[in-house]
Amino acid sequence: MNYPISTIDEQFEGLHRHTLFTLLDMGNAYLQIPLTEKAKQKTAFITPDTTGHFNRMIFGLWNAPYEFSRLISIVLGPLGRHSALVSG
1 MNYPISTIDE QFEGLHRHTL FTLLDMGNAY LQIPLTEKAK QKTAFITPDT
51 TGHFNRMIFG LWNAPYEFSR LISIVLGPLG RHSALVSG
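So the sequence shown is numbered by the UniProt record's numbering: it starts at 1 and just counts up by one.
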């Protein structure tokens, strides 16, 4: 399945087709998504005192927007046709 990220212009063009709108505060939404063991290795970092890795998705990972869009689609899927506008 494809999860394209639409432009803001495309989002605004589609607003007239909808009658129900909601606002979700998802400021830390990426941090709610656990990483696989393989993905954790790709977030490794080194400081002067220690080494580590992230256990949760962080903003800035290459596929994070795709994965986030996919999960939103799964969560909102039972609601039928929907459109999600993700704003920073």
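The beta-carbon is built from N, C-alpha and C at its ideal position, and this holds for glycine as well.
Keep in mind the model is a prediction, meaning the values are calculated, not measured.
query, result
"Where does PHE68 land, buried or exposed, given buried means 16+ other C-beta within 10 angstroms?", "buried"
"Are there 16 or more other CB atoms within 10 angstroms of the CB of MET57, so buried, or fewer, so exposed?", "buried"
"To test your reading of the DSSP string, which unbroken beta strand (DSSP E) runs of 3 or more residues are found completely within the stretch 36-84?", "none"
"Taking C-alpha atoms, which residue in TYR30, GLN11 and LYS42 lies nearest to ILE72?", "TYR30"
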